[in-house]
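Let me begin by presenting the structure, written as structure tokens, before commenting on it.
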Amino acid sequence: MLEHTPIQSSGFSNIGPDEDRTGFCLRIRQPNYRGLRMSLVEGIKVVVDEIEYPAATNLYRLGERTYTFDELDAETQARWPVGTAIEVLVDKPGGLDVGVHLVEIEVLLRHPYFPPQFRPAPVHDRRHITIIR
Amino acid sequence: MLEHTPIQSSGFSNIGPDEDRTGFCLRIRQPNYRGLRMSLVEGIKVVVDEIEYPAATNLYRLGERTYTFDELDAETQARWPVGTAIEVLVDKPGGLDVGVHLVEIEVLLRHPYFPPQFRPAPVHDRRHITIIR
Amino acid sequence: MTSHFQYGVSLYSYTDDFGTVMDLEDAFYHVSETGSTGIEILGETHLPAYPQLETAWLDRWFGLLDKYRLEPTNFASWIDTDIQRRRDMTVEEGARQLTTDLELASRLGFKFVRPKFGVIDEELTPHPIWEGCVERVLDLAAKLDIIIIPEIHSPTPIRHPVVEGYIDFIQRTGTKHFGLLIDTGIFQDRPLPFWQHETPEMRDGAMSFLNGIKVPVEQLAEVIEYTPFIQAKFHHIDEELHDHNIPWEKVIPALKSLGYSGYLSSEYEGKRDPWVAIEQVRRQHALIRKLEREWEQANPSKPKEQRDA
Amino acid sequence: MTSHFQYGVSLYSYTDDFGTVMDLEDAFYHVSETGSTGIEILGETHLPAYPQLETAWLDRWFGLLDKYRLEPTNFASWIDTDIQRRRDMTVEEGARQLTTDLELASRLGFKFVRPKFGVIDEELTPHPIWEGCVERVLDLAAKLDIIIIPEIHSPTPIRHPVVEGYIDFIQRTGTKHFGLLIDTGIFQDRPLPFWQHETPEMRDGAMSFLNGIKVPVEQLAEVIEYTPFIQAKFHHIDEELHDHNIPWEKVIPALKSLGYSGYLSSEYEGKRDPWVAIEQVRRQHALIRKLEREWEQANPSKPKEQRDA
Ligand SMILES: [Mn+2]
Ligand SMILES: [Mn+2]
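Sequence lines, in order, name chains A, B, C and D. When we follow the numbering used here, the leftmost residue of the first sequence carries the number 59, and every step to the right adds one. When we follow the numbering used here, the leftmost residue of the second sequence carries the number 59, and every step to the right adds one. When we follow the numbering used here, the leftmost residue of the third sequence carries the number 550, and every step to the right adds one. When we follow the numbering used here, the leftmost residue of the fourth sequence carries the number 550, and every step to the right adds one.
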């Protein structure tokens, strides 16, 4: 089972060797009521302590596969299922400081059954989570 | 998985044939952090819409077995495990009316490691739940 | 066959609970505790390996149906016409999607499949491939004995070109495997609370349908013959068993008078705080059963006559 | 062997989450994500068929330890001396209970068993059967290579007849299979928030220990040689990584100076709103690791010397 907020606290972690962090990882629960083909996910923007990491430059790990922003649109088969988390991999030399951070996200989801002017629709979340090391 | 409140909404139901209800059933999640031998459970008082059903006259169903209040004290082996619900069976000819009821409980638990004056310790809960038929 | 309603729950009701506080068996338990006989699922939500079906999961599915004495009712499907940013689905792709879902639904024992087509405008006009997609799978639906039922959903009312298009299709093809799913949200006659970030300007504009499109329940008579399944959409029922948005005291007598004896499948769509949906669905079942009982007591012989007519 | 602390989490931290929003595997996941190497469980909470151990569950247990790379640390046991309303446990019954838990703990791979004896007064003096019970199972503990560690828990301070009694027992028997578990709640130096229904009168009276019994951390030196395991009790760490109750900035340097290199096993005991514990435990690990790192940077060679001494 996942935490109820789209932003998950467990899994928030720096990436790369201890002394040479290359970025961080953030887990996000599928916030929609159905699982979506990746081509309907128009990326996830991450903001940590007011510094923005745009959707277009983040990577997206779903199970064994990692997608660039552009590769999302091409993935019309694999789904991000309900009850699972995607990992957003964010490039940030040095990683994030150990401690509590204010993390915000904007997930853009394209719902084909929404009127065209509401596509994509954003899902926002915002909470404090912690980098342990 | 159970609902977070000790009082569970699902399972709240009248007992007996449709036209001749004999009482009602209320499910309660183990509210303590460890499972307890039944002999440490000093009964559960139920209040529905301000009418009190005393612990001593209720029955307690745990798995396949049903205990009277006095039989609880003799059951030093079987435990009410964490993550499970006990069913309190309450005698009430005619049952409860269909609709939403305000239900309150007092669970008395005897913690041997509490100072004697705090044994048993009460757990209270109170919420609105619904009889469907 | 009974002249009473059949009661069910769509697991859509437990959105956000599912996968955070509730697994599939928990959901079955809560549905069965409402006294329901039917369970509705969403393919892309409740099949963990969708569109694959793992054998172990299939065994579990039938085990749960048996344990909780529930029958599969409707299987929700999506035809994602706007599949890529610069490309729409073709008729072939859409038909393939629908084939996948019909076959999944059939293997799981469902009687209905609800396809949700992408739309092309604010009126929710379905993408024009809808008709070709459905036509290509009608034989399969007949073979599997499944009825394909697109949903009439707010802001689309009953008297609308979209509905006319579906009825024309039924009349033109003469099919018995296509019909309408009525979502009771079309009868909403009081406003929903504002959603987070919604402003009064938004509510007056594109979101005005959230105030309720107030379809008169009498108009059910015009489509009931094409309607084998109803989703009992609702948003909030309070502690007095009073629904704040849907006029059940009109909807239920209308359905009873028309002799409807299919499913009412609960679709709770309100506050998503954990565990709230469980109790809300229970209140809806208490309320609808009460209204049905009251109607039957006031009209002791009518439903049978209607059915025999 | 390392001169660093070992980090663990007691599943007690996830009380009320366990069984409502978290199953055993979820708990393992959250523990492993803190970077811990150790997991602590409560027999009567986390063994679903306690005191039975089902083979399938045992397989799952070892599968999870392997998957999440965790080792079992401490197994919590209760000796319910006040077992019936009119009857206390006998020494035989207590020893039988302890035997059951030692055997369960051993089968699961634990190194420590914490027995919680019933008490006879407000000072939390353990029921007099404690000594007989423990003495009867010392040979078994030796055979299983498990250390029995009663807990020094607020309101019992370090300098107290209860602790003296335990140390006397160790000295009298010469056992290596009995020691102390220090719960860091004894160092609490600022009050806990009032619990529901608690009044100022109650807080001034029997509940005054909830203001913190403020044991000076220096007194750890008096018992550290008997202390193979520490529960890192805490209640709230805020968004500035500031603990509102436990003076970690004193506790951690004291433990480092004494060369403690056993486990710090997180015991979150604060607000029980769902999912809160997960983040709170993470904050504690961030905080303690930071303090340990700072101490090590300021004292580059000390821990090794201490250990070699
Ligand atoms: Mn619907
Ligand atoms: Mn402790």
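The beta carbon of each residue, even a glycine, is placed where N, CA and C say it ideally should be.
inquiry  = In the DSSP output, which residue or residues are listed as bridge partners for threonine 124(B)?
reply    = Arg119(B)
Opening and closing residue of the alpha helix (DSSP H) in which glutamine 833(C) lies = 825-847
message = Tell me the residue span of the beta strand (DSSP E) that contains glutamine 555(D).
response = 555-559
ask   = What residues from the stretch 90-114 of chain B come within 8 angstroms of chain D, judged by C-beta to C-beta, listed N to C?
value = Tyr91, Arg92, Gly93, Leu94, Arg95, Ser97, Leu98 and Glu100
ask   = By a C-beta neighbour count over all protein chains shown, 10 Å radius and 16 as the cutoff for buried, is alanine 176(B) buried or exposed?
value = Residue identity differs from the one stated: residue 176(B) is phenylalanine in this sequence, not alanine. It is exposed - the Cβ of phenylalanine 176(B) has fewer than 16 other Cβ atoms within 10 Å.
Through-space distance from histidine 62(B) to proline 664(D), alpha-carbon basis = 29 angstroms
key: Backbone CA spacing between methionine 59(A) and leucine 693(C) [nearest angstrom]   = 35 angstroms
request  = Could you spell out the range, first to last residue, of the beta strand (DSSP E) harbouring proline 802(D)?
outcome  = No beta strand (DSSP E) contains proline 802(D), which is instead part of the alpha helix (DSSP H) from 797-806.
ask   = Would leucine 94(B) be called buried (16 or more neighbouring beta carbons within 10 Å of its own) or exposed?
value = buried
task = Determine the direct distance from the alpha carbon of aspartate 128(A) to that of valine 165(B), and round the result to whole angstroms.
result = 57 angstroms
task = Identify, in the order they occur along the chain, each residue of the same chain with its Cβ nearer than 7 angstroms to the Cβ of histidine 579(D), setting aside the five sequence neighbours on each side.
result = Ile827
Other residues of its chain near isoleucine 669(C): CB distance less than 6 angstroms, five sequence neighbours each side excluded = His676
query = Who are the Cβ neighbours of tryptophan 610(D) in its own chain at under 7 angstroms, not counting the five residues just before and after it?
reply = Leu657
inquiry  = proline 823(D) and valine 570(D) - do their beta-carbons sit closer together than 7 angstroms?
reply    = yes
query = Are the C-beta atoms of valine 156(B) and some chain C residue less than 7 angstroms apart?
reply = yes
C-beta atoms of isoleucine 190(A) and arginine 831(D) nearer than 7 angstroms = yes
ask   = Who are methionine 571(C)'s beta bridge partners in DSSP?
value = Phe567(C)
ask   = Would you say threonine 569(D) faces chain A, with C-beta separation under 7 angstroms as the test?
value = no
message = Considering only their Cβ atoms, is the gap separating isoleucine 698(D) from phenylalanine 778(D) smaller than 7 angstroms?
response = yes
task = Whole angstroms is fine: what's the gap from leucine 836(D)'s alpha carbon to aspartate 107(A)'s?
result = 19 angstroms
message = According to DSSP, leucine 591(D) sits in a beta bridge with which residue or residues?
response = Ala625(D)
query = Between aspartate 183(B) and chain D, is there a C-beta pair that is closer than 7 angstroms?
reply = no
message = Tell me which residues of the stretch 123-157 of chain A have at least one Cβ-Cβ distance to chain C shorter than 7 angstroms, keeping chain order.
response = Asp131, Thr134, Arg137, Pro139, Val140 and Gly141
key: Environment of histidine 182(B) [buried if 16+ CB atoms lie within 10 Å]   = exposed
query = So, is aspartate 629(C) buried or exposed, given that buried needs 16 or more other C-beta atoms within 10 angstroms?
reply = buried
inquiry  = Taking CB distances under 7 angstroms as the criterion, tell me whether proline 173(A) reaches chain C.
reply    = yes
Whole-Å CB distance - proline 621(D) paired with leucine 614(D), under 8 angstroms assumed = 7 angstroms
key: Nearest-angstrom Cα separation, counted from valine 686(D) out to glutamate 641(D)   = 11 angstroms
key: Check whether isoleucine 762(D) and serine 703(D) have beta carbons under 7 angstroms apart   = yes
Alpha-carbon spacing of glutamate 774(C) relative to threonine 126(B), whole angstroms = 55 angstroms
Helix, strand or coil at isoleucine 190(B) according to DSSP, with G and I counted as helix = coil
ask   = Alpha carbon to alpha carbon, how far is alanine 858(C) from glycine 723(C)?
value = The pLDDT assigned to alanine 858(C) is 42, lower than 50, so where the model puts this residue is not dependable, and the model offers no usable value.
task = Enumerate, from N- to C-terminal direction, the unbroken alpha helix (DSSP H) stretches of 4 or more residues contained entirely within the stretch 732-778 of chain C.
result = 749-753
inquiry  = glutamate 593(C) and arginine 92(A) - do their beta-carbons sit closer together than 7 angstroms?
reply    = yes
request  = Please report the Cβ distance between alanine 781(D) and glutamate 747(D), rounded to the nearest whole angstrom; I am assuming they are in contact, meaning their Cβ atoms lie under 8 angstroms.
outcome  = Not a contact, Cβ separation roughly 25 angstroms.
ask   = With 7 angstroms set as the bound, which would you pick, yes or no: does the beta-carbon of threonine 648(C) sit closer than that to a beta-carbon of chain A?
value = no
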